[in-house]
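S.K.: Dropping a structure here in structure tokens format, bear with me for questions.
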Amino acid sequence: MKRRNWYWDLNIPYKKIAQILSRGDDPRFVRIAGILLSRALDPKYVFELISPSDFCRHYKAIEREITSDEWTKKRAAFWKATYLRLTKELKAKGERFRLPAKPELDFFDRQLIETVKKCRKRVLMSQKELADLMGYSQQYISRIETGWERIGPDFLKKLAKTTNQKIDLDVSIFFDRKGREILTETNKLIAQALLKLDVKTGEFEEKIRNFANKAAYLLNTGRYDYLKKRITKGWTDMEKVAGDTFEIHFAYAFENKQRPLQHEVKLLPNSNSSIDFQYHASLDKVINFELVNIFEREWIRREMDKRHWEIILSSGSQVKRENSCAESIFAQQKIREKVQKEEKCQIIPAKFNIPDRKNVNVIVANVTFVHMGMFDTKDAIEIVLGASYVEPQCRLGMFGLTADLPSDIPETDPYKLKEAYKLNEIFRDRIHFVLFAWDIHKSKRFIDSQYRYFLVPNPKLVQQKTLNWFNTETEEIFK
0 MKRRNWYWDL
10 NIPYKKIAQI
20 LSRGDDPRFV
30 RIAGILLSRA
40 LDPKYVFELI
50 SPSDFCRHYK
60 AIEREITSDE
70 WTKKRAAFWK
80 ATYLRLTKEL
90 KAKGERFRLP
100 AKPELDFFDR
110 QLIETVKKCR
120 KRVLMSQKEL
130 ADLMGYSQQY
140 ISRIETGWER
150 IGPDFLKKLA
160 KTTNQKIDLD
170 VSIFFDRKGR
180 EILTETNKLI
190 AQALLKLDVK
200 TGEFEEKIRN
210 FANKAAYLLN
220 TGRYDYLKKR
230 ITKGWTDMEK
240 VAGDTFEIHF
250 AYAFENKQRP
260 LQHEVKLLPN
270 SNSSIDFQYH
280 ASLDKVINFE
290 LVNIFEREWI
300 RREMDKRHWE
310 IILSSGSQVK
320 RENSCAESIF
330 AQQKIREKVQ
340 KEEKCQIIPA
350 KFNIPDRKNV
360 NVIVANVTFV
370 HMGMFDTKDA
380 IEIVLGASYV
390 EPQCRLGMFG
400 LTADLPSDIP
410 ETDPYKLKEA
420 YKLNEIFRDR
430 IHFVLFAWDI
440 HKSKRFIDSQ
450 YRYFLVPNPK
460 LVQQKTLNWF
470 NTETEEIFK
């Protein structure tokens, strides 16, 4: 056998093999070194590829590779003698060969190890069978499953591809030690804050931990330090919990896709108010997000009774489905409050500039509990565009935030449409989209929410090109 034919069945270029063998820390090193030593008996050639130090450091694992095959077992004696001689020479030169200490395992490491084991067992593979398919040694897989080797994203990607399985792991699993300390602290803070609100946290510890992963991931970026104060001091009732958790879910959806957000950005020079988030999509495009939570019916009723808000209808002499319409009108009001405010008896912009080519302005409205959790896309369309955009049988009869004035308004204007039109002026001129969000689980704990989104554009500002761009830019995030 010619000495360069030893790698004929590896399906790896010789150049790549040489790179792997030059690095003792490569997970494929032991397996390929074992094949080389079982097929080549020329030490000069072998040590052109492997450094004597790496050979001695990993010899016991390499020896197991050689002796695993009955045909090559006899060659182990030759390389054992070489190992003993080289070890003696290198020690004489002052080199030490210490056995590596087993890494200290925490909850996250153990979770990863269990994931790897379950993945392998689901496809009924032994460690050796999996190792052969992945191009590693059986010893390496064994070390992974016993905690001697750290598990990284690349290994998990390869494992998922090899076994044809989906591996769902939160990226915070790969936090460094500082990040894990933040996560442990965040988990404790969230549990303590919920206990103060009489939430029985013991019943859903895993959900708290999953949510803490998201919060800690944001804190670990260094751009969300305000969250810690919010959780420890601001969670005085479940409405505040709902607002902050929605913000965390929203921000994490971006950050987890490596789309960094800026928090609390002022757009109006003479205003103390700021928008919640700003996303720089490109050098010439920025998306400005303001979040609003619209809570459940009991709270809506209380607020409406307190403020005596009028229900404005666009047609019909009687209020149809009054409760539903009242809640949708309330939703409109809460959305408007994010866009405008009253100052010296005048309605003025609150947070958003008149948009230019660079800025796209978006209100994100959490409507999970509007209409007793039965809010749907038709309700979203009617709130923004008006009743005429919805089938007659589904209409509540609302005047939309972007609606035009009808041409046939009676002089008396019994439904105060002109007043409504004027009230919506700042919204029409400044907001490109309303992004409605609702939790598909309708969870009143809020931390384990999973949101679905529905986008309604403002036809006064948004052309098809802008709509297509926005959908493409955010499709990974707002699935």
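Residue numbering for the sequence shown follows numbering that gives the first Met the number 0, beginning at 0 and increasing consecutively.
Backbone N, C-alpha and C define an ideal beta-carbon position, used for all residues, glycine too.
So, helix, strand or coil for S480, using DSSP?
M.R.: This structure leaves residue 480 out entirely; the chain is present only between 0 and 478.
S.K.: Do L36 and W78 have their CB atoms nearer than 8 Å?
M.R.: Numbered from 1 along the sequence shown, position 37 holds the residue referred to as residue 36. Numbered from 1 along the sequence shown, position 79 holds the residue referred to as residue 78. A contact, by the Cβ cut-off of 8 Å.
S.K.: Where K256 and I247 are concerned, what is the direct C-alpha to C-alpha distance, given to the nearest angstrom?
M.R.: For the purposes of this step, residue 256 is taken as the residue at position 257 of the sequence shown. For the purposes of this step, residue 247 is taken as the residue at position 248 of the sequence shown. Their Cα atoms are separated by approximately 14 Å.
S.K.: Below 8 Å between beta carbons: does that hold for P348 and L267?
M.R.: For the purposes of this step, residue 348 is taken as the residue at position 349 of the sequence shown. For the purposes of this step, residue 267 is taken as the residue at position 268 of the sequence shown. Result yes, Cβ atoms of P348 and L267 sit closer than 8 Å.
S.K.: Over the uninterrupted alpha helix (DSSP H) stretch that includes K284, give me the two end residues.
M.R.: Mapped onto the sequence shown, residue 284 falls at position 285. K284: not part of any alpha helix (DSSP H); member of the beta strand (DSSP E) spanning K284 to N292, first to last residue.
S.K.: Around the C-beta of V29, are 16 or more other C-beta atoms found within 10 angstroms, so that it is buried, or is it exposed?
M.R.: One-based indexing of the sequence shown puts residue 29 at position 30. Under this definition V29 is a buried residue.
S.K.: Over the uninterrupted beta strand (DSSP E) stretch that includes F453, give me the two end residues.
M.R.: To locate residue 453, count along the sequence shown from 1; it is residue 454. Membership of F453 in the beta strand (DSSP E) is indicated by the continuous run Y450 to P456.
S.K.: Between A190 and I207, is the Cβ-Cβ spacing less than 8 Å?
M.R.: Within the sequence shown, numbered from 1, the residue matching residue 190 stands at position 191. Within the sequence shown, numbered from 1, the residue matching residue 207 stands at position 208. The answer is yes: Cβ separation under 8 Å.
S.K.: Using the Cβ count rule (16 or more neighbours within 10 Å means buried), how would you classify N186?
M.R.: Along the sequence shown, one-based indexing puts residue 186 at 187. With 16 or more other Cβ atoms within 10 Å, it is buried.
S.K.: How is L434 classed by DSSP in three states: helix, strand or coil?
M.R.: Taking the first residue of the sequence shown as position 1, residue 434 is located at position 435. The three-state reading of DSSP puts L434 in strand, counting E and B together.
S.K.: Considering Cα atoms alone, identify which of L260, D236, G233 and E88 is closest to G221.
M.R.: Counted from its first residue, the sequence shown places residue 221 at position 222. Closest option to G221, Cα to Cα, is L260.
S.K.: Taking a contact to mean a Cβ-Cβ separation below 8 Å, would you say Q439 touches I362 in this structure?
M.R.: Numbered from 1 along the sequence shown, position 440 holds the residue referred to as residue 439. Numbered from 1 along the sequence shown, position 363 holds the residue referred to as residue 362. It should be pointed out that residue 439 corresponds to Ile in this sequence rather than to Gln. Not closer than 8 Å, so no.
S.K.: Three or more C-beta pairs closer than 8 Å, one from the stretch 44-61 and one from the stretch 157-168: is that the case here?
M.R.: no
S.K.: Is the separation between the beta-carbon of L290 and that of K227 shorter than 8 Å?
M.R.: Translated into the one-based positions of the sequence shown, residue 290 becomes position 291. Translated into the one-based positions of the sequence shown, residue 227 becomes position 228. Not in contact: L290 and K227 (Cβ atoms no closer than 8 Å).
S.K.: Name the DSSP beta bridge partners of I346, please?
M.R.: The residue given as residue 346 occupies position 347 in the sequence shown. According to DSSP, I346 bridges with E341.
S.K.: What's the gap between the Cα of D447 and the Cα of T471?
M.R.: As a working mapping, residue 447 is identified with position 448 in the sequence shown. As a working mapping, residue 471 is identified with position 472 in the sequence shown. Cα-Cα distance, rounded: 27 Å.
S.K.: To which residues does DSSP link K373 through a beta bridge?
M.R.: Here residue 373 is taken as the residue at index 374 of the sequence shown, counted from 1. Looking at the sequence shown, residue 373 is not Lys but Met. According to DSSP, which records beta bridges pairwise, M373 is partnered with nothing at all.
S.K.: Which whole-angstrom value is the C-beta distance of Y223 and A250, which I expect to be below 8 Å?
M.R.: On the sequence shown, residue 223 is found 224 positions in, with the first residue counted as 1. On the sequence shown, residue 250 is found 251 positions in, with the first residue counted as 1. Indeed, because the Cβ distance is near 7 Å, the residues count as touching under 8 Å.
S.K.: Could you check what DSSP says for N360 in three-state terms: helix, strand or coil?
M.R.: Residue mapping note: residue 360 aligns to position 361 of the sequence shown, counting from 1. N360 falls in the strand class under three-state DSSP.
S.K.: Express the C-alpha separation of E144 and C324 in angstroms, rounding to a whole number.
M.R.: Translated into the one-based positions of the sequence shown, residue 324 becomes position 325. Translated into the one-based positions of the sequence shown, residue 144 becomes position 145. Near 58 Å, if we compare the C-alpha coordinates of E144 and C324.
S.K.: Expressed to the nearest angstrom, what Euclidean distance is found between the alpha-carbon atoms of H57 and T86?
M.R.: Mapped onto the sequence shown, residue 57 falls at position 58. Mapped onto the sequence shown, residue 86 falls at position 87. Distance between the alpha carbons of H57 and T86 is about 12 Å.
S.K.: Here's the rule I'm using: 16 or more other beta-carbon atoms within 10 Å means buried, otherwise exposed. How should V122 be labelled?
M.R.: Walking along the sequence shown from the start, residue 122 turns up at place 123. When all chains shown are included, V122 counts as exposed.
S.K.: Taking only the alpha-carbon atoms, compute the straight-line gap between P12 and K43 and give it to the nearest angstrom.
M.R.: Here residue 12 refers to the residue found at position 13 when the sequence shown is read from its first residue. Here residue 43 refers to the residue found at position 44 when the sequence shown is read from its first residue. Distance between the alpha carbons of P12 and K43: 21 Å.
S.K.: Out of S270, L217 and E410, state which residue places its alpha-carbon closest to the alpha-carbon of E342.
M.R.: For this step, residue 342 is matched to residue 343 along the sequence shown. Checking every option, the nearest Cα to that of E342 belongs to S270.
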